[in-house]
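>
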Amino acid sequence: LGYNEETVWYVKEYASMVRGRFDNILVLGIGGSALGGIAMTEALLKPYWNLLTPEQRENYPRIFFLDNIDPDTMTGLLDVLDLKRTLVNVITKSGSTAETMSQFMIVKDRLEKELGEDEYRKNVVATTDRQTGVLRQIAEQEGYKTFVVPDDVGGRFSVFSAVGLLPIALVGLDIDDIMNGIKDMDLALKNTDINNNIAAQGALIQYLMDVNKGKNISVMMPYSSRLKYVSDWYAQLWAESLGKSMDKDGNHVHVGPTPVKALGATDQH
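Structure, rendered in structure tokens:
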């Protein structure tokens, strides 16, 4: 899960330190660097968070995720944000993700022009590998505040490391409560009795539907709009984890159930 008591402490300390300094959080990332954070903030923040007044948000910042390099979206957002009051959290474990680093180079250029080559650094925080990669190298050279993606945690599973905890802490969500819930669930899912393990039950049903029934399309359809982006995250978790070109013996099998995201009742129509 990437859970680490020290990480939680550092995230809380940093969030407290920058409290009130920024009106906007801009998260740059794609795939696992963004999907979990989007799902968490959409599910747990008040609906239409970014449209609420500062008082309604208890003076916590608005939050925006740029997980694509579409120039219309990027330019449109950068044109309406006051970059002097925006904290940019760039997230890539490898530091070589083309989309994220392209985003960052564009945003960095804008920040430097508006704040100056020295001051802009205070508006950037990087979440990346502990030692290696292009972003780690840039962060060290430029003097950015940094957080670490654990070595043994893949991007799609990283939401409970600094990847996800930092953005949600910055907008005032209680990460202690969230982590306590995660630890309780982690303990529950270690139960070897399938009658008392909902994840094992779900896995068995999905397996039997795929292998025995030939039903190889798995639809995730929440009925709460606040859970809409859980479906996006689910589709990545499912496809990247279970879609395989080869089996364990090296044979090309191109196998795996296909995840489909949906939203009830919208997609029933």
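Its first residue numbered 3, the sequence shown is counted upward by one per residue in our numbering. Cβ coordinates follow ideal geometry from the N, Cα and C atoms, glycine included.
State the start and end residues of the unbroken beta strand (DSSP E) segment that holds MET248.
Mapped onto the sequence shown, residue 248 falls at position 246. Unbroken beta strand (DSSP E) run through MET248: 246–248.
> Counting only the same chain and skipping the five closest in sequence on each side, list residues whose C-beta sits under 6 Å from that of GLY174.
Indexing the sequence shown from 1 puts residue 174 at position 172. Within the same chain, GLY174 has close Cβ partners TYR62.
> Please state whether DSSP places LEU83 in a helix, a strand or coil.
For the purposes of this step, residue 83 is identified with residue 81 of the sequence shown, where counting begins at 1. Three-state result, LEU83: coil.
> Does the Cβ of ASN214 have 16 or more other Cβ atoms within 10 Å, making it buried, or fewer, making it exposed?
Locating residue 214 in the sequence shown gives position 212, where the first residue counts as 1. Exposed.
> Looking at the strands, I want to know which residues DSSP matches up with THR77.
Within the sequence shown, the letter at position 75 stands for residue 77. In DSSP, THR77 forms no bridge with anything.
> So the candidates are MET42, LEU68, ASP25, PHE67; which of them puts its Cα closest to the Cα of LEU54?
By one-based count along the sequence shown, residue 54 stands at place 52. Ranking the options by Cα distance to LEU54, first place goes to ASP25.
> Compare the C-alpha of LYS110 against each of ILE180, VAL29, PHE159, TYR231 and name the closest.
Here residue 110 corresponds to residue number 108 of the sequence shown, with the count starting at 1. Nearest of ILE180, VAL29, PHE159, TYR231 to LYS110, Cα basis: VAL29.
> What is the rounded straight-line gap between the Cα of ARG21 and the Cα of LEU113?
Mapped onto the sequence shown, residue 21 falls at position 19. Mapped onto the sequence shown, residue 113 falls at position 111. Rounded to the nearest angstrom, the two C-alpha atoms are 20 Å apart.
> Mind checking which residues open and close the beta strand (DSSP E) that includes PHE149?
Within the sequence shown, residue 149 is the residue found at index 147, counting from 1. From DSSP, the beta strand (DSSP E) with PHE149 extends over 147–150.
> Whether or not the segment 33–40 and the segment 62–72 are in contact is what I'm after, with contact meaning three or more pairs of Cβ atoms, one per stretch, closer than 8 Å; do they touch?
Touching, yes, given that three or more Cβ pairs across the two stretches are closer than 8 Å.
> In whole angstroms, what is the alpha-carbon distance linking LYS217 and GLY266?
Against the sequence shown, residue 217 aligns to sequence position 215. Against the sequence shown, residue 266 aligns to sequence position 264. About 21 Å.
> Within 10 angstroms of its Cβ, does GLN105 collect 16 or more other Cβ (buried), or is it exposed?
Start at 1 with the first residue of the sequence shown, and residue 105 comes out as number 103. Buried, since its Cβ has 16 or more Cβ neighbours within 10 Å.
> What is the DSSP secondary structure of THR129, reduced to helix, strand or coil?
As a first step, residue 129 must be located in the sequence shown, where it is residue number 127. Three-state result, THR129: strand.
> How far does the beta strand (DSSP E) with PHE106 in it extend, from its first residue to its last?
Position 104 of the sequence shown, counted from the start, is the residue given in the question as residue 106. Careful: PHE106 lies outside any beta strand (DSSP E), inside the alpha helix (DSSP H) at 100–117.
> Rounding to the nearest angstrom, what Cα-Cα distance links TRP240 and GLU101 in this structure?
Position 238 of the sequence shown, counted from the first residue, corresponds to residue 240. Position 99 of the sequence shown, counted from the first residue, corresponds to residue 101. Taking the straight line joining both Cα atoms gives about 22 Å.
> Which residue wins for smallest C-alpha separation from PRO169, given the options GLU8, TYR16, ASP72?
Counted from its first residue, the sequence shown places residue 169 at position 167. Ranking GLU8, TYR16, ASP72 by Cα distance to PRO169 puts TYR16 first.
> Between the C-alpha atoms of ILE32 and ARG158, what's the straight-line distance to the nearest angstrom?
Position 30 of the sequence shown, counted from the start, is the residue given in the question as residue 32. Position 156 of the sequence shown, counted from the start, is the residue given in the question as residue 158. Rounded to the nearest angstrom, the two C-alpha atoms are 10 Å apart.
> Runs of 4 residues minimum, wholly inside the segment 223–266: which ones carry the alpha helix (DSSP H) assignment?
Whole alpha helix (DSSP H) segments, 4+ residues: 230–244.
> Taking its Cβ as the centre, do 16 or more other Cβ atoms sit within 10 Å of ILE40, making it buried, or is it exposed?
Position 38 of the sequence shown holds residue 40. ILE40 comes out buried.
> What would DSSP say about ASN26, mapped onto helix, strand or coil?
Taking the first residue of the sequence shown as 1, we reach residue 26 at position 24. DSSP places ASN26 in strand when its eight states are reduced to three.
> Apply the 10 Å Cβ neighbour rule to TRP235 and answer buried if 16 or more other Cβ atoms are within range, or exposed otherwise.
Counting from 1 along the sequence shown, the entry for residue 235 is found at position 233. The residue in question, TRP235, is buried, as its Cβ has 16 or more Cβ neighbours within 10 Å.
> Can you tell me the Cβ-Cβ gap for ILE177 and LEU167, rounded? I've got them flagged as a contact below 8 Å.
The residue labelled residue 177 in the question sits at position 175 within the sequence shown. The residue labelled residue 167 in the question sits at position 165 within the sequence shown. The Cβ separation is near 5 Å, so the contact holds.
> Only counting the same chain, and skipping five residues up and downstream in sequence, which positions put a Cβ closer than 6 Å to that of GLY156?
For this step, residue 156 is matched to residue 154 along the sequence shown. Excluding sequence neighbours, GLY156 sits near nothing in its chain.
> Have a look at the DSSP bridge pairing and note the partners of VAL221.
Residue numbering aside, residue 221 sits at position 219 when the sequence shown is read from its first letter. BP columns for VAL221 point to VAL262.
> Could you tell me which of ASP74, PRO73, ASP72, GLU44 sits nearest to ARG64, measuring between CA atoms?
Translated into positions along the sequence shown, residue 64 becomes position 62. Of the candidates ASP74, PRO73, ASP72, GLU44, the one whose C-alpha sits nearest the C-alpha of ARG64 is GLU44.
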